[in-house]
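Below: one structure, written as structure tokens.
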Amino acid sequence: MGFHQDIEQKIITLDEMCKRLDTLRSRETKCNVVFTNGCFDLLHRGHADYLSRARDLGDLLIVGLNSDSSVSRLKGPSRPISNQNSRAYLLASFAFVDYVILFEDDTPKKLIEAIRPDILVKGGDYKKEEVVGWDFVESYGGKVALLDLVRGESTTNLVNRMNR
Numbered sequence: 000m001g002f003h004q005d006i007e008q009k010i011i012t013l014d015e016m017c018k019r020l021d022t023l024r025s026r027e028t029k030c031n032v033v034f035t036n037g038c039f040d041l042l043h044r045g046h047a048d049y050l051s052r053a054r055d056l057g058d059l060l061i062v063g064l065n066s067d068s069s070v071s072r073l074k075g076p077s078r079p080i081s082n083q084n085s086r087a088y089l090l091a092s093f094a095f096v097d098y099v100i101l102f103e104d105d106t107p108k109k110l111i112e113a114i115r116p117d118i119l120v121k122g123g124d125y126k127k128e129e130v131v132g133w134d135f136v137e138s139y140g141g142k143v144a145l146l147d148l149v150r151g152e153s154t155t156n157l158v159n160r161m162n163r
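Residue numbers (numbering that gives the first Met the number 0): 0 to 163.
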């Protein structure tokens, strides 16, 4: 199998992810599932750093990716800059990202409840209580991890530099 096909097979639906997780979890060996989400518009070093460190926390990293319509509602009509198919493909091309799931809602609540990650990850710019699904994840013994962000690296900063 080639790299291109490998990348495309990492972009899956929530239903397919749940089937794969059921299979993984039925095995005797423990698999720590890590989940994070975001818009990931204009990938940059900060994203790579964040996602690679998230993957280091477990055995499998699932990234929930806001759809184009969701990004527009959250970030405004000029966003996203990159369309959802491009963003999903680029995320899936990272070796440390195991799966990418597009979602239409403004929050990943449904994904988190269906996936039941062992570790829910967000950036250190959040407080735990601001992370969607934190209470649900902790209710079954899961953990919430807040990772420091790379200073000065953000999509907003990139856009501002491009507009100078």
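By construction, the Cβ of each residue, glycine as well, lies at the ideal position given by its N, Cα and C atoms.
As the structure is a prediction and not an experimental result, all values here were calculated from the model.
Proximity below 8 Å, CB of residue i to CB of residue j
i	j	result
Ser85	Ile6	no
Asn82	Cys38	no
Ser69	Asp105	yes
Leu148	Gly123	yes
Leu110	Gly141	no
Val62	Thr28	no
Leu59	Cys30	yes
Val32	Ala53	no
Asp117	Gly57	yes
Val136	Pro107	no
Ala40	Ile80	It is Asp, not Ala, that sits at residue 40 in the sequence shown. Cβ atoms of Asp40 and Ile80: closer than 8 Å.
Met146	Lys127	Here residue 146 turns out to be Leu, not Met, going by the sequence shown. In this structure, Lys127 does not lie closer than 8 Å to Leu146 by Cβ.
Continuous alpha helix (DSSP H) stretch holding residue i: start and end
i	result
Gly45	44-54
Lys109	108-114
Asn84	83-91
beta-carbon residue i near the ligand PLP non-hydrogen atom, thresh 7 Å
i	result
Lys126	Summarising the ligand content, the structure contains no ligands, and the ligand PLP is consequently not present.
Residue span of the beta strand (DSSP E) that contains residue i, given as start and end
i	result
Asn36	32-37
DSSP-derived helix/strand/coil call for residue i
i	result
Ser130	Before going on, a small fix: residue 130 reads as Val here, not Ser. Val130: coil per DSSP, three-state reduction.
Leu148	coil
Lys74	helix
Tyr98	strand
Ile6	helix
Lys142	strand
Leu23	helix
Leu64	strand
Leu59	strand
Asp14	helix
Glu137	helix
Proximity test, Cβ basis, 8 Å: residue i and chain B
i	result
Ala53	Considering every chain present, this structure includes no chain B. It has just one protein chain.
Residue(s) in a DSSP beta bridge with residue i
i	result
Ile118	Val33, Lys142
Is the region 91-106 touching the region 1-20, taking contact as three or more C-beta pairs under 8 Å? A contact exists between the region 91-106 and the region 1-20.
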